[in-house]
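Enquirer: Handing you a structure now.
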Amino acid sequence: MADATNDLLYEVLKSIQQEIRTLKEGQGDIRQEIVSIRLAQLSTQNDVHNIYGMLARQDERLDRIDRRLELRELAEKSQTPYEPPL
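Residue numbers (our numbering): 139 to 224.
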């Protein structure tokens, strides 16, 4: 009777070890997926950061254009219209 009990316990322990091994493999797969999600998130974050940088440069450029146009308008307003001599 003791042999049967030990054999049963051994079989149960083997099945538990197999299940734990399967769980560890699944956990490894999940970790790899989480790492790939993190990398995709970082890539998206870098893209957004680059877009913000490009928009900031465009804003600066538009500001310079606006200042030039304002200076030109001020210069044009201060000048008298050209009248050719008679």
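Glycine is no exception: its CB is placed at the ideal position from the N, C-alpha and C atoms.
Using only the alpha-carbon positions, how far apart do T182 and D197 sit?
Expert: Start at 1 with the first residue of the sequence shown, and residue 182 comes out as number 44. Start at 1 with the first residue of the sequence shown, and residue 197 comes out as number 59. For T182 and D197, the distance between alpha carbons rounds to 22 Å.
Enquirer: DSSP three-state label for L200, please.
Expert: Position 62 of the sequence shown, counted from the first residue, corresponds to residue 200. Looking at L200 - three-state DSSP - the assignment turns out to be helix.
Enquirer: DSSP three-state call for L180: helix, strand or coil?
Expert: Reading the sequence shown from its first residue, position 42 is the one you call residue 180. L180: helix per DSSP, three-state reduction.
Enquirer: Taking the straight line between their C-alpha atoms, what separation do you get for R159 and A194?
Expert: If you number the sequence shown from 1, residue 159 lands on position 21. If you number the sequence shown from 1, residue 194 lands on position 56. If I take the Cα positions, the gap works out to 53 Å.
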